[in-house]
Amino acid sequence: MDWDDARIFLGIYRAGTLRGAAARLGIDQATAGRRLAALETALHAKLFLRTPGGYVPTPAGEAAARSAEKMEQAAHQLEREMQGIDHRLSGVVRLATTDTMAQHFVLDALRLLHERHPDIRVVLHTTTTVSNLTRREADLAVRTLKPTDPDLVSRHLANRASGLYASTAYLQRCGMPDGGLAGHDLLIYHASVAPRQASHVAGMPVAGARVALEVNTGLMLLEAARLGIGIAELPIHMAEQDPRLVRIFPGKEHRYDMYLVMHGDLARSARVRAVADAIVESVP
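As numbered in the numbering used here, the sequence shown has no gaps in its residue numbers, which increase by one up to the final residue, 286.
Here's what the structure looks like:
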């Protein structure tokens, strides 16, 4: 199995469909199907069962996935090591963060970076999922979780707090909560983003409240609160700047940390360091 075949095989293994794998890999679906068929012929093994629900790996497919993932790790390690000794202040750096952090300070950092090093091109991916830096889904990440992977290095950027807010229109319609959130409409994150919000928001229990909307991005949560759909837990440093929002239960808050994370192999890359330095300088 060569690496090109292994890469396509892993794409199908992870996506569960040819279409999903092709979209992730930037190839057409027919090519993915042909490469899989050729790989199965070369290995003399059926790697997937074709079912109405998608491609299900066979025992041979599971074994092949383990070997292919080792090849992937070796390929990514080689890329990181080569990038890590690259001293040029040019090229592409992939950066992952949330939309709220991008708006709050990361875009300012990229403006500063471009003024200093116009030949560095940043590919910014805003997401609430944790990008896998070992698999090179990103070179750098700004996130609220401290990494536990020993291959990753992190720098603490700031400690922040979020509180409960509602629009003036919502409070005129539904009244100011008194003693708790029972009877009020809540705006929360999907459980995959912030599972704690199923029971508490900013330290307040949600028992008796109605969940009016679940979202998967911070800017969507902020806009829904502005529109008066319900009460939301929002970053205090952002919500306090909006005259349409009113703080509820000012003594209640949820504190969180922000970290800049990269793979240790990239710490010597000049362009990655330049992006990291601009981010650190731009944290308000």
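Glycine included, each C-beta is placed from N, C-alpha and C at the ideal position.
- Here Val124 really is in contact with Leu97; their C-beta atoms are around 6 Å apart, less than 8 Å.
- Cβ-Cβ distances below 6 Å link Arg16 to nothing in the same chain once the five nearest sequence neighbours on each side are left out.
- Counting the other CB atoms within 10 Å of its CB gives Pro237 a total of 16 or more, which places it among the buried residues.
- Around Ala193, the same chain offers Ala200 as residues with beta carbons nearer than 7 Å, after the five sequence neighbours per side are excluded.
- According to the DSSP assignment, Thr53 belongs to the beta strand (DSSP E) that extends over Phe50 to Thr53.
- A straight-line Cα-Cα distance of about 26 Å links Ile14 and His265.
- Inter-residue distance for Asp30 and Arg9 is about 14 Å (C-alpha atoms, whole angstroms).
- Contact between the region 228-243 and the region 94-111 is present: 3 or more CB-CB pairs across the two stretches fall below 8 Å.
- Its chain contains Leu49 as the residues whose beta carbon lies nearer than 6 Å to that of Ala66, once the 5 sequence neighbours on both sides are disregarded; these appear in chain order.
- If the five residues before and after Tyr172 are omitted, its C-beta is found closer than 6 Å to the C-beta atoms of Gly230, all from its own chain and listed in chain order.
- Looking at Thr19, Asn161 and Val144, the one whose alpha-carbon comes closest to that of Ile281 is Val144.
- Arg145 sits in a strand when the DSSP states are folded into three classes.
- Between Ser156 and Tyr261, the beta carbon gap of about 5 Å places them in contact (Cβ cut-off 8 Å).
- In the DSSP assignment, Leu188 falls within the unbroken beta strand (DSSP E) covering Asp187 to Tyr191.
- Nearest in C-alpha terms to His202, of all of Leu183, Ala214 and Gly220, is Leu183.
- Taking a C-beta distance under 7 Å as the contact criterion, Leu12 and Ala70 qualify as a contact pair.
- Between Arg228 and the set Gly177, Leu247, His46 and Ala214, the nearest pair of CA atoms involves Leu247.
- Ranked by how close their Cα comes to the Cα of Glu225, the residues Gly93, Ile190 and Arg273 have Ile190 in first place.
- Per the DSSP secondary-structure output, Ser169 pairs in a beta bridge with Leu247.
- Per DSSP, the unbroken beta strand (DSSP E) holding Glu216 starts and ends at Arg212 to Val217.
- Val132 and Leu112 have their C-alpha atoms some 21 Å from each other.
- As DSSP reads the structure, Tyr261 sits in a beta bridge with Arg145 and His158.
- Taking 8 Å as the upper bound for CB-CB distance, Gly18 and Gly56 are in contact here, some 4 Å apart.
- When the Cα atoms are used, Pro245 and Ser169 turn out to be separated by approximately 9 Å.
- A check of alpha carbon separations from Asn161 across Val263, Ala25 and Pro286 identifies Pro286 as the nearest.
- Ile122 is bridged by DSSP to Gly93.
- Of Gly177, Gly220, Pro179 and Glu74, the smallest CA-CA separation from Thr146 is found for Gly220.
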